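What follows is one structure encoded as structure tokens, with my remarks underneath.
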Amino acid sequence: MAPAGRRAPRGGRGRARRRRPRRARVPPAPGRLTLRGPWPRARGGEGVPPSTTLAATRDGDSGGASVGSVPDTTGLGGHPLAPARPPHTPATLGGPPESAVTSPAGLTPHGAPPIYFTFAGLARLGVPHATTTRHCPGVASFAEAIDARAPRPPFGPETGPALRPAGLDLARVAYARQVHGAAAAPAPAGGGFAGSVDVVTTGARALPLAIFTADCLAIVLHDPGAPALAAAHVGWRGTVRGAAQAAVRALAALGARAGRVHAAIAPSIGPCCYEVDEPVTRDLARAYPGRWEAWTRPAAGAGRVMLDLWAANEALLAEAGVDPARIENPRLCTACHPELLFSYRRGNRGRLVTLAALP
5 MAPAGRRAPR GGRGRARRRR PRRARVPPAP GRLTLRGPWP RARGGEGVPP
55 STTLAATRDG DSGGASVGSV PDTTGLGGHP LAPARPPHTP ATLGGPPESA
105 VTSPAGLTPH GAPPIYFTFA GLARLGVPHA TTTRHCPGVA SFAEAIDARA
155 PRPPFGPETG PALRPAGLDL ARVAYARQVH GAAAAPAPAG GGFAGSVDVV
205 TTGARALPLA IFTADCLAIV LHDPGAPALA AAHVGWRGTV RGAAQAAVRA
255 LAALGARAGR VHAAIAPSIG PCCYEVDEPV TRDLARAYPG RWEAWTRPAA
305 GAGRVMLDLW AANEALLAEA GVDPARIENP RLCTACHPEL LFSYRRGNRG
355 RLVTLAALP
């Protein structure tokens with residue numbers, strides 16, 4: 005008989021503890037980075053590679069949001085929010101900087117490993133732009149906050165030359181102290197600090213707008229029929245407060261028409277990894293009663309859901325008049341790719357920057 009408090013082993017043998025295989029974080033080989041499919045079809049592009057390396061860990065986030073700790077073994081195609089998977093081939097991101105190739109995500113990587121990506125749709129419109137990776141030099145982390153009393157852009161001297169091939173002049177960059185709201189402000193003439201806002205607009209040519217993220221969405225909006233450009237920072241609070249819709253309205257003030265607007269959503273946290281709890285769901289329910297559930301799926305744990313900020317903001321942009329066919333979303337998750345992107349909820353305070361300028 006087994007001692008008190010112990011369960012007798014079955015068949016004379018103790019049951020072995022099942023151990024999950026440990027997945028190593030392998031850095032990309034110099035000059036080459038391979039993201040393997042299958043992956044779901046992107047909005048406004050082809051497809052995006054999901055995580056093939058490490059599942060997200062449970063790192064805390066202000067406001068009650070956290071990254072889920074469920075391994076992403078099937079990619080986004082494994083949950084009900086994902087569209088059908090297209091035929092695919094492995095996407096190799098890298099190669100010589102002067103001969104970057106377009107990945108199946110509709111993103112073109114630049115550099116080896118990639119320093120930044122460009123969007124296929126914005127490139128077709130002739131918009132100078134870039135969305136950086138963790139390999140872009142000279143970008144200060146979020147540990148160095150932008151001080152509204154003495155603002156300065158978080159770029160070192162190396163960043164300008166690195167982004168110059170994208171057609172961006174950082175000497176004229178306009179930026180803001182982002183506060184998770186929905187207020188919009190015009191970029192100052194000649195660039196500089198636009199204030200404590202989350203949407204920045206311009207009608208001036210060759211004046212880059214910058215949005216800083218590490219999980220939140222950076223959305224670039226451009227009407228090719230008017231000199232109108234906006235860049236928006238949208239997290240869950242910005243979604244609740246209507247930042248995407250505010251960006252469309254701010255463009256209209258510059259003469260844009262919503263039906264002509266092209267929107268591009270930069271790499272950001274996906275529904276595969278974005279687990280949130282009651283404070284977030286409560287505010288979503290108040291802002292979008294009867295609708296917000298369509299942007300979620302159940303998560304492990306009472307009161308917790310996986311939130312799809314991509315689907316939410318695509319729907320809100322469409323509601324504001326943007327043609328869904330003009331919404332370009334590569335669906336590249338920051339939390340799934342620590343070797344390529346920064347993710348605040350994975351404990352990394354590095355900054356990603358999305359920039360765009362009027363041609």
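Heads up: the sequence shown begins at 5 in this note's numbering, then just goes up one per residue.
No residue lacks a Cβ here, since even glycine has one placed at the ideal position from N, Cα and C.
Everything numeric in this text was worked out from a predicted model, so none of it was measured.
Could you check the C-alpha separation between residue 353 and residue 239 for me, to the nearest Å? 16 Å
Runs of 3 residues minimum, wholly inside the segment 129-162: which ones carry the beta strand (DSSP E) assignment? 133-136
So the candidates are 268, 311 and 252; which of them puts its Cα closest to the Cα of residue 430? Absent from the structure is residue 430, since the part of the chain shown begins at 5 and ends at 363.
Note down the Cα distance separating residue 117 from residue 136, rounded to an integer number of angstroms. If you take the alpha carbons of residue 117 and residue 136, they lie about 11 Å apart.
Residue 237 - partner residues in DSSP beta bridges: 222
Can you tell which of 164, 328, 187 and 234 has its C-alpha closest to the C-alpha of residue 263? 328
Are there any heavy atoms of the ligand HEM lying less than 7 Å away from the beta-carbon of residue 319, as far as the coordinates show? No copy of the ligand HEM appears in this structure; indeed no ligand is present at all.
Environment of residue 25 [buried if 16+ CB atoms lie within 10 Å]: With a pLDDT of 47 at residue 25, under the threshold of 50, the modelled position of this residue cannot be trusted, and the question is left open.
May I ask which residues mark the beginning and end of the alpha helix (DSSP H) holding residue 252? It spans 247-256 - the alpha helix (DSSP H) in which residue 252 sits, taken as one unbroken run.
Beta carbon of residue 214, beta carbon of residue 177: below 8 Å? yes
Could you spell out where the beta strand (DSSP E) holding residue 280 opens and where it closes? Here the beta strand (DSSP E) through residue 280 covers 278-280.
Buried or exposed, going by whether 16 or more other CB atoms sit within 10 Å of the CB of residue 158? With 16 or more Cβ atoms within 10 Å of its Cβ, residue 158 is classed as buried.
Exposed or buried, what is residue 347 when buried is set at 16 or more other beta-carbons lying within 10 Å of its beta-carbon? buried
Is residue 186 close to chain B? Criterion is C-beta to C-beta, closer than 8 Å. Here chain B cannot be found, since the structure has a single protein chain.
Measure the C-alpha to C-alpha separation of residue 286 and residue 274 and round it to an integer number of angstroms. 20 Å
Chain-order list of residues whose beta-carbon lies under 8 Å from that of residue 131 (same chain, five-residue window excluded): Within the same chain, residue 131 has close Cβ partners 224, 226, 233, 360, 361, 362 and 363.
Quick one: Cα of residue 249 to Cα of residue 302, how far? 27 Å
8 Å Cβ cutoff met for residue 219 and residue 247: In this structure, residue 247 does not lie closer than 8 Å to residue 219 by Cβ.
Where residue 168 falls, given that 16 or more other Cβ within 10 Å makes a residue buried: Per the 10 Å Cβ criterion, exposed.
Figure out for me which residue from 212, 198 and 334 has the closest Cα to the Cα of residue 150. The shortest Cα separation from residue 150 among 212, 198 and 334 belongs to 198.
C-beta contact flag for residue 270 and residue 222 at 8 Å: yes
Bridge-paired residues (DSSP) for residue 302: 309
In this structure, does DSSP put residue 343 in helix, strand or coil? coil
Reference residue 162, options 173, 127, 351 and 210, closest by Cα: 173
Return the first residue and the last residue of the beta strand (DSSP E) that residue 119 is part of. Where residue 119 is concerned, there is no enclosing beta strand (DSSP E), given that its DSSP letter is neither H nor E.
Given residue 160, which residues of its chain have a CB within under 6 Å of its CB, disregarding the five upstream and five downstream residues? 142
DSSP state of residue 189, grouped into three classes? Of the three classes helix, strand and coil, the one that applies to residue 189 here is strand, per DSSP.
Would you mind sorting residue 330 into buried or exposed? The rule is 16 or more other CB atoms within 10 Å of its CB. buried
On the three-state DSSP scale, how would you describe residue 285? helix
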